[in-house]
Amino acid sequence: MRQRYYFSTLDEIVEGQFTIRELGNRSVGATLLHGKPIVVLNFCPHAGAPICSGKITPKQILEASHELTLDPEHPVLRCPWHGWEFSLENGRTVFESRLRLAYLEFEINESSIFVWV
Ligand code: FES
149 MRQRYYFSTL DEIVEGQFTI RELGNRSVGA TLLHGKPIVV LNFCPHAGAP
199 ICSGKITPKQ ILEASHELTL DPEHPVLRCP WHGWEFSLEN GRTVFESRLR
249 LAYLEFEINE SSIFVWV
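So the sequence shown is residues 149 to 265, counted in my numbering.
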């Protein structure tokens, strides 16, 4: 059965990196995406890495000219174990896969964030 846990104050969550907390027996990460919080399980759906310790980078796009360009409007989270990249916008891998990040429900109350785990 899920429980509601205090995670942090809102100003402890920043864009471009995850803040990680242990809530109950689960590891959970939160970051800002375009100024809004997102909260995910700190567990890579591929093989269980602590994915929130991976880097958040701009999505790479292979142009028709075979040059790589960076798209900072669509950041991805790169897993520290095998380098799979997951969109922070929908949790899906950047290649076709059914695996996706597990987003968690949260609520904001007086500048604090609470997460349901
Ligand atoms: S454990 Fe994350 S890509 Fe393999």
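From the three backbone atoms N, C-alpha and C, an ideal C-beta is built for every residue, glycine too.
Query: Within the structure, which residues are defined as neighbours of ligand 1 by a Cβ-heavy atom distance below 5 Å, reported in chain order?; Result: Cys192, His194, Ala195, Ala197, Cys227, Trp229, His230, Trp232
Query: For Pro220 and Thr205, I'd like the C-alpha separation in whole angstroms.; Result: 7 Å
Query: Looking only at C-alpha atoms, which of Cys227, Phe155, Val187 sits nearest to Pro193?; Result: Cys227
Query: Quick check on DSSP: helix, strand or coil for Ser259?; Result: coil
Query: Identify, in the order they occur along the chain, each residue of the same chain with its Cβ nearer than 6 Å to the Cβ of Glu255, setting aside the five sequence neighbours on each side.; Result: Phe262
Query: Helix, strand or coil, according to DSSP, for Ile156 in the structure here?; Result: Sequence inspection shows Ser at residue 156; the Ile mentioned does not correspond to that position. Ser156: strand per DSSP, three-state reduction.
Query: Only counting the same chain, and skipping five residues up and downstream in sequence, which positions put a Cβ closer than 7 Å to that of Val242?; Result: Lys207, Val224, Glu233, Ser235
Query: In angstroms with no decimal places, state the Cα-to-Cα distance between Ile161 and Pro185.; Result: 8 Å
Query: With distances taken between CB atoms, is the gap from Leu189 to Ala250 smaller than 7 Å?; Result: yes
Query: By a C-beta neighbour count over all protein chains shown, 10 Å radius and 16 as the cutoff for buried, is Ile199 buried or exposed?; Result: buried
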